[in-house]
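Residue numbers (the numbering used here), protein chains in the order written: chain A, 1 to 334; chain B, 335 to 625; chain C, 626 to 937. Just so you know, even glycine gets a beta-carbon here, dropped at the ideal spot from N, CA and C.
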Amino acid sequence: MGIRPIPRIVLLLLALAVLALGASGCGRDEDEGNAANSPDTTAQETTSQALSGDVIADGSSTVGPLTTAAAEAYRGEQPDVNVEVGVSGTGGGFERFCAGETDISDASRPIDEEEEAPVCADAGITYVDYQVGIDALTVIVNTENDWATCLTTEQLKKIWEPAAEGKITNWNQVDPSFPDEPLTLAGPGTDSGTFDYFTDEINGEEGASRTDYNASEDDNVIVQAVAGEKGALGYLGFTYFEENMDTLKAVEVDGGDGCVAPSAESAQDGSYTPLSRPLFIYVKDESIQTKPQVKGFVAYYLNNLVSLAEGAQFIPVTQDVIDENLSNLATQEG
Amino acid sequence: MSVSPNVLGSRSTGDRVRGTAFYIVLLVSVTIGFLLLGVLLVDVVRKGIGYVDFTLLNEPNSSDPQRAGAGPAIRGTIYMMVLLLVMVVPIGVGTALYLEEYANRERWYNRLLEINIQNLAAVPSIVYGILGLAFLVRGIGLGRVLLAGALILTLLVLPTVIVASREAIRAVPDSIRQGAYALGATQWQVVWRQVLPAAIPGIATGSILALARAIGETAPLLLVGALTFVAVNPTILGSFTALPIQIYQWVGRPQEEFRLLAAAGIIVLLAILLTMNAFAIWLRNRYQRRW
Amino acid sequence: MAATDLTAGAQPDTVRLRAEGRRWGELAVKVALGLCALVSVATTIGIIIALVVPSVEFFRQVSILDFFSGDRWAPLFEPPSFGVQPLLVGTLVVTFWACVVALPCGLGAAIYMSEYARPRVRSILKPALETLAGIPTVVFGFFALTFFTPLLQDIGTGVNVFNVLSAGLVVGVMLIPVVASVSEDAMSAVPQDLRDGAYGLGATRLQVSTRIVVPAAISGIIASFVLAISRAVGETMIVLIAAGGIAQITFDPRDQAQTMTAFVGATGIGDVATGSIEYKTIFAVGLTLFVITFVMNMLSIRLVRKFREVYE
């Protein structure tokens, strides 16, 4: 080759430098002051000394974003504490929790007293549960869907029950007044507490569901699947609907008393039935008592629930729940 | 023997038309790939350029796209690159030296070794991930740590490094070796002092290219690593994330902003790859010995 | 003259022409290098053990017949169903569409580079192809989901947001360099004499390419096809991002489907409990995948060796 290749390197470096310089000036809003700060919280100082160490949380993908928001905010308080949040699903989270692998288990349903609690008991793991939010489990459809504004629980059952597999594939089978539009479904997989809760309430038995749908623990996949397909229907936690309100539509649910839309109010006052449910974190006793960083994080989390929930677009719990949480925490700390 | 009209006469119109049509078909085949590549690059740059800034390079991931960055991911990728370099080059070069300088080609086990390496090069990358999951993450209980990711990537690109090193070693003329032997050198002295130094540019080039390929691998890391939220810098025995994983997670988010962030991450990844490739080529051109 | 005459008068201690006794250092080096070589052997053994052992346990619980003949893949539901056909069909359909793009375009590019292009054009094309080959698959996946699928939707094909067509075609683009470079190697091994003879008889370039060069290089070309198919079967990221998550048997390219690789990827991300039946499905499917790609690779190696032998 006749050309000396060295100048190519120089050109490349120049190009990168220009790229970096030019790009740093434009693009998204530079919140210079807020680069690493937490959302505005009148954070109650839970400890004044510097903590360090790991806090491992895993579990529900519905609760996950709230715990993640708490983790991000906590990083502003205690930068040396590393909080890791996984989203293996409520079931997967409990498995790890009872195997001693995690400190906190995010859960969108209570621990199963028959199947999961004994595993923890056998492993000698004791814990306390705290309610951290309320979820209005939302049924979502595509924005171009103008016929399914309200569905009864019977209609939902018709769509989702095991007998529907391979058979109910069109909207006009759900109700003759609906148009001839192919029905595609998306929803959580079997490790998800959302799945457990929905199947229990709608199909009458936990875990009973048709299987021919786009099943994913990742709620973002569900959003994408429904937003991209006119005849799609799915279900997921309220937060994910709120985050994607411009690309999704929520269906009102008629639980017997008329059509109710999911919202913070209808969830808190109980009118959004049967799909409103409490959200929990389960915290290991041993972690609270022996790991100060876990204690610090949980205390921060529970003290700032309302502001965290608002920042992360969750439905906050009522004050008496918060009070109960704090007194339970004091007991757990021993 | 019948003589076709083409032998002495000029081309018929039919031939010319067919010839031109064929030529056009070939041109189209060639350009399709590059056209799509070009469109891909333009699309990625257009979507992501606005997000390539210091926040991207330094900050950890966040649920708020305005604050999300790939800092720990980039650091994870760099740490893995270093670990990879340290592990894969000695083993790869060692194997290549064994095969080229020491092994008796006639022996069945050496031939099996060669076939084995060829096969390993073609195993899907996700199977390496399964290997890592079974032995490293679960088997010896290493867990989903940086070291596990680096080990699996080492095994993944080892065949590539071996092949490149072998070619570099083979390119060293035999006269160099014979001359050294004639002066009384032992086999190891010949290898260490004559062959290896001569082959280093080729080995370095091959290693860097293999490394570049490893950096872009995502599938094995899905099974061996990847957490939703990693805020601190990675450590060897700690949880980690890597740039391709971060990109994958961002692509999975439905919000448009995260797609743009993913594009920005891709720009950074491609920049890193381009630099490595250019460096490897420069190295090859600058130091290549002509025998 | 005997060698001993030369050394007769020399001091016996200063000149040694042969090593005394074994050179332990040399042996140590050989052992050390041999150990390096064993790493690759250990890897293969590791892969086989990692795949086979849990699969054996899996097949004790699920009969092989059910696995291969069942058409419903629902391992995580109650009651679970372990028919792998949907995953196989998903892989098949994606591979098919990938071949639709990769085989013709790759072969066309190879013929162009080998028979038509001027040397300067070739010297640009080859590195450009290598660049295409170096792009990470996650980038291609991003492209398939965020650009190609919307494009297909805009032109009115009615594809799903996750669909096999988009993923398959993009996998094909990714594989064009594979087909092109191996085919081109095969074609350049064809002796120039054959071409010259044909030109001398007045053949057109079209005739030389299609009737002389391609048939002569056919085993190498087929090797490149087999290699591309094998790579398409093993591709994970593009299908994971763009092809969807419903394991269903469908031949409509606008539908979504799940491939074997996507299933392993999606299941492996979550933390399935070790020892559970879901965990073992990863290995059973992984083993199936490994066997398929292994067989194809052996085939491809055989073919390459064949075309190399013919002309050397």
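>> Can you tell me whether residue 98(A) is buried or exposed? The criterion is at least 16 other CB atoms within 10 Å of its CB, across all chains shown.
In response: buried
> residue 783(C): buried (16+ other C-beta within 10 angstroms of its C-beta) or exposed?
Replying inline: exposed
>> On the DSSP letters alone, give me the boundaries of the alpha helix (DSSP H) that residue 72(A) sits inside.
In response: Element bounds for residue 72(A): 64-77.
>> I need the straight-line Cα distance from residue 741(C) to residue 813(C), nearest angstrom please.
In response: 12 Å
> Which residue from 917(C), 675(C), 753(C) puts its Cα closest to that of residue 799(C)?
Replying inline: 753(C)
>> Since residue 707(C) and residue 687(C) should fall inside the 8 Å C-beta cutoff, what is the C-beta to C-beta distance between them, to a whole number of angstroms?
In response: 5 Å
>> On the DSSP bridge list, what partners appear for residue 363(B)?
In response: BP columns for residue 363(B) are empty, so no partner.
> Taking Cβ to Cβ, would you say residue 627(B) is nearer than 8 Å to residue 404(B)?
Replying inline: It is not possible to answer for residue 627(B), since the shown part of chain B is limited to 335 through 625.
> Any chance the CB of residue 675(C) is under 7 Å from a heavy atom of the ligand SAM?
Replying inline: No copy of the ligand SAM occurs in the structure displayed, which carries no ligand at all.
> From residue 113(A) to residue 94(A), what does the alpha carbon distance come to, in whole angstroms?
Replying inline: 12 Å
> What are the boundary residues of the beta strand (DSSP E) that includes residue 284(A)?
Replying inline: 276-284
>> I believe residue 889(C) touches residue 910(C) by the beta-carbon criterion, under 8 Å. Please report the beta-carbon distance rounded to the nearest angstrom.
In response: 6 Å
> CB-CB under 6 Å to residue 823(C), same chain, minus the five flanking residues each way: which ones, in chain order?
Replying inline: 833, 837
> Which residues, taken in chain order from the segment 706-740 of chain C, show a beta carbon closer than 7 Å to some beta carbon of chain B?
Replying inline: Answer set for the segment 706-740 of chain C: 729, 730, 733, 734, 736, 737.
>> My output table needs one value for residue 182(A): the three-state DSSP class, helix, strand or coil.
In response: strand
> Along the chain, where does the alpha helix (DSSP H) that runs through residue 170(A) open and close?
Replying inline: Here residue 170(A) belongs to no alpha helix (DSSP H), and DSSP marks it neither H nor E.
> Unbroken alpha helix (DSSP H) runs of length 4 or more, entirely within the segment 194-265 of chain A: which are they?
Replying inline: 219-227, 238-243
> By how many angstroms is the C-alpha of residue 488(B) removed from the C-alpha of residue 495(B)?
Replying inline: 10 Å
>> Please list, in chain order, the chain A residues whose beta carbon lies closer than 7 Å to that of residue 699(C).
In response: 211
> Name the chain D residues that come within less than 8 Å of residue 69(A), Cβ to Cβ?
Replying inline: Any reference to chain D falls outside this structure, whose protein chains are A, B and C.
>> On the CB-based measure, 16 or more other CB atoms within 10 Å of its CB, does residue 414(B) come out buried or exposed?
In response: buried
>> So residue 687(C) contacts chain B; which residues on that side make the cut at Cβ distance below 9 Å?
In response: None at all; the shortest Cβ gap to chain B is about 18 Å.
> Short check: CB of residue 712(C) to CB of residue 885(C), under 8 Å?
Replying inline: yes
> Is any beta-carbon of chain C found at less than 8 Å from that of residue 190(A)?
Replying inline: yes
> Alpha carbon to alpha carbon, what distance is there between residue 182(A) and residue 241(A)?
Replying inline: Spanning the two alpha carbons is a distance of roughly 22 Å.
>> Just to check my reading of the structure: residue 464(B) and residue 675(C) have Cβ atoms closer than 8 Å, yes? What is that Cβ distance to the nearest angstrom?
In response: 6 Å
> By Cβ distance, which residues of its chain are closer than 6 Å to residue 426(B), with the 5 residues on each side in sequence left out?
Replying inline: Closer than 6 Å at the Cβ level, and outside the excluded window around residue 426(B), lie 492, 495, 496, 499.
> Using Cβ-Cβ distances below 7 Å, what residues of the segment 215-234 of chain A are close to chain B?
Replying inline: 218, 220, 221, 223, 224, 227
> What's the C-alpha gap between residue 919(C) and residue 457(B)?
Replying inline: 7 Å
>> Assuming residue 809(C) and residue 738(C) are in contact, meaning their beta carbons sit under 8 Å apart, how far apart are those beta carbons, in whole angstroms?
In response: 5 Å
> So which residues on chain C does residue 207(A) lean against when the C-beta distance must stay under 9 Å?
Replying inline: The answer, in chain order, is 702, 703.
>> If distances are taken between C-alpha atoms only, which option among 213(A), 220(A), 169(A), 194(A) comes closest to residue 586(B)?
In response: 220(A)
> Taking 8 Å as the CB-CB cut-off, is residue 346(B) touching chain A?
Replying inline: Taking a beta-carbon distance threshold of 8 Å, residue 346(B) does not count as an interface residue toward chain A.
>> For residue 451(B), which residues in the same chain have their Cβ closer than 7 Å to its Cβ, ignoring the five residues on either side in sequence?
In response: Take residue 451(B), set aside five residues on each side of it, and the residues of its chain with a beta-carbon closer than 7 Å to its own are 493, 496, in chain order.
> Along chain A, which residues have their Cβ under 7 Å away from the Cβ of residue 870(C)?
Replying inline: 214, 215, 216, 221
> Counting along the chain, where does the alpha helix (DSSP H) carrying residue 521(B) start and finish?
Replying inline: 521-524 is the span of the alpha helix (DSSP H), which, as asked, contains residue 521(B).
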